[in-house]
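Trainee: Provided herewith is a single structure, encoded as structure tokens, for subsequent inquiry.
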Amino acid sequence: MTATDTTEGSVPLTVRDPDCGPRIEAHAIGTEAAGAVAATLKALAEPLRLRMLSFLATAPAGEACVCDLAELTDVSQPTVSHHLKVLRDVGVLASERRGTWVWYHITPGYKSAISTLLESFAPAALDALGEHPHLTGLEDADAALDRLAADLAATHPDLADDVVLRTVRESYTALARSAKVSAHLLTLTDRFARQRLDDLTREASTNAHTGTADAPQVLFVCVANAGRSQLAAALVRHYAGDRVVVRSAGSTPAADVHPAVRPELAALGTDEPFPKPLTDDAVRAADVVITMGCGDVCPILPGKRYEDWLVGDPALASPAGVAAIRDELDTRVRALLTDLLPDLDLPTP
């Protein structure tokens, strides 16, 4: 093998031997594509533009007037118009004039990409700036999981032992893949597996009776299960107690619950929340499935009531924004409970 542009101890920058090393061009994005993507990313790489995109992404009508967007900052309206023009020029936004005002919306081709940016990339970027406790592993995971499965099998006699063991092991693997928590992983596996086994038992009971259980079951799903879905589930528990069975999950669970959300959850009496992955058994056991920004990843099953709530992400919000998101979720949860439990006595807001 011969190489050029090398220094002692460094990796060759150019490999000439066709039989040595990977085909670089086969693994890298093309030059023209990289240039086009970089131009769009450059247009997005501005704080005010990201704030405007997040506003548009969660606006009830999916659009906003330039005057509404101007409220996000103290800069002049011409400056706001300039930022909107930059986003429009790269195709991220489209606009429509109505009377004296211009209305903006995210173009259809970019909706999924912007959702990924705001729901996955942005929280990950913020998360990387902080320090997080790491997962505490088990020295002998197999033996500990076998003992846990045996304990849970005794409390779920209607389920076969192999189903319980498989659920426990799947729960452990799913949590170990995404979680970075200070609490022992086995404890979280116990809690998650119990939920899943309860859901499996409920599903079997419902199918056997071709009806639904007495207490309605609600599943909240967002991307990270670290903010909105946790808050919504906590509000349901706060108001309805055990009259509603409530679950929350994430299509791509985060490492931990957002720090800005933890005080809100603590105020609602939620004990040590942790992000959980979305499972099919949770969807099958639910009567109502409410999604918040996770797109079409949730399975659509017959006989379920589905709702999509457009709510901002507290991971990206200011303290005032987190409070506003909590208030909006509170209003939506109250309406949901009024529908599910008409006799429930809700306190005056």
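Residue numbers (my numbering): 14 to 362. For every residue, glycine included, the Cβ atom is placed at its ideal position computed from N, Cα and C. Bear in mind the structure is a predicted one, so any value in this text is a computation, not a measurement.
1) Have a look at SER242, ARG215, ARG318 and VAL103 and flag the residue whose alpha-carbon is nearest the alpha-carbon of ALA51.
2) Using 7 Å as the threshold, is the C-beta distance between SER184 and ALA206 below it?
3) Given a threshold of 16 other Cβ atoms within 10 Å of its Cβ, counted over all protein chains shown, does SER125 qualify as buried or as exposed?
4) Taking DSSP's pairing of strands, which residues face ARG318 in a bridge?
5) Whose C-beta lies closer than 7 Å to the C-beta of TRP322 among residues of the same chain, with five residues either side of it excluded?
6) Counting only runs that start and end within the stretch 100-133, where is the alpha helix (DSSP H) found for 4 or more residues in a row?
7) Does DSSP classify THR223 as helix, strand or coil?
8) Assuming ALA157 contacts LEU178 (C-beta within less than 8 Å), just tell me the rounded distance between them.
9) If you drop the 5 nearest sequence neighbours on each side, which residues of the same chain put their C-beta closer than 7 Å to that of HIS251?
10) Can you name the residues that DSSP bridges to CYS235?
11) Quick check on the burial criterion: 16 or more other C-beta atoms within 10 angstroms. Buried or exposed for PRO73?
12) For GLU341, name the three-state secondary structure that DSSP assigns.
13) Contact defined as beta carbons within less than 8 Å: I believe LEU342 pairs with ALA245. What is the distance between those atoms, to the nearest angstrom?
14) Within the continuous alpha helix (DSSP H) that includes GLU76, where are the two ends?
15) Run through the DSSP bridge pairs and tell me what PRO290 is partnered with.
16) Using a 10 Å radius around the Cβ and a threshold of 16 neighbouring Cβ atoms, would you call GLN90 buried or exposed?
17) Could you work out which residue in GLU132, PRO170 and VAL181 is closest to ASP155 when comparing CA atoms only?
18) Pull up the distance between the alpha-carbon of ALA299 and that of GLU84, whole angstroms please.
19) Using the three-state DSSP reduction, which class does VAL296 fall into: helix, strand or coil?
20) If we call anything under 7 Å between Cβ atoms a contact, is ALA247 one with ALA267?
21) Please classify ASP340 as buried or exposed, where buried requires at least 16 neighbouring CB atoms within 10 angstroms.
22) Nearest to GLY316 by CA position, among VAL236, PRO288 and GLU216, is which residue?
23) Since SER261 contacts LYS289 with CB under 8 Å, what's their CB separation in whole angstroms?
24) If I'm right that GLY256 touches LEU357 with Cβ under 8 Å, what's the distance once you round it to whole angstroms?
25) I'd like to confirm the pairing. Which residues does DSSP put opposite VAL258 in its beta bridges?
26) Given a cut-off of 7 Å on the beta-carbon distance, is the pair ASP212 and ALA295 in contact?
27) Rounding to the nearest angstrom, what Cα-Cα distance links ALA173 and PRO229 in this structure?
28) Pick from CYS80, VAL258, VAL88 and HIS271: whose alpha carbon is nearest that of VAL236?
29) Taking 7 Å as the cut-off, decide whether the C-beta atoms of THR327 and ILE338 are in contact.
30) Which value, in whole angstroms, describes the spacing of the CA atoms of GLY334 and ALA41?
31) Give the DSSP-derived three-state secondary structure of THR71 in the structure shown.
32) Below 8 Å on the Cβ atoms is my contact criterion, and I expect THR214 with HIS169 to pass it. Report the Cβ-Cβ distance as a whole number of Å.
33) Mind checking whether VAL99 and LEU82 have CB atoms under 7 Å apart?
Mentor: Taking the geometry as given:
1) VAL103
2) yes
3) exposed
4) VAL301
5) ILE303, MET305 and ARG345
6) 121-129
7) At THR223 the pLDDT is 45, less than 50, meaning the model places this residue with poor confidence; the figure from the coordinates comes in the next sentence. Three-state DSSP puts THR223 in coil, outside helix and strand.
8) In fact, because the Cβ distance is near 12 Å, the residues do not count as touching under 8 Å.
9) LEU281 and GLY282
10) GLY263 and MET305
11) exposed
12) helix
13) 5 Å
14) Here GLU76 belongs to no alpha helix (DSSP H); instead the beta strand (DSSP E) covers 76-78.
15) GLY263
16) exposed
17) VAL181
18) 40 Å
19) helix
20) no
21) exposed
22) GLU216
23) 7 Å
24) Sequence inspection shows Arg at residue 256; the Gly mentioned does not correspond to that position. At roughly 7 Å, the Cβ-Cβ gap stays under 8 Å, so ARG256 and LEU357 are in contact.
25) GLN230
26) yes
27) 25 Å
28) HIS271
29) Reading off the sequence shown, one finds Pro at residue 327, where the question assumed Thr. It is a contact, given that the beta carbons lie within the stated cut-off.
30) 40 Å
31) helix
32) 6 Å
33) no
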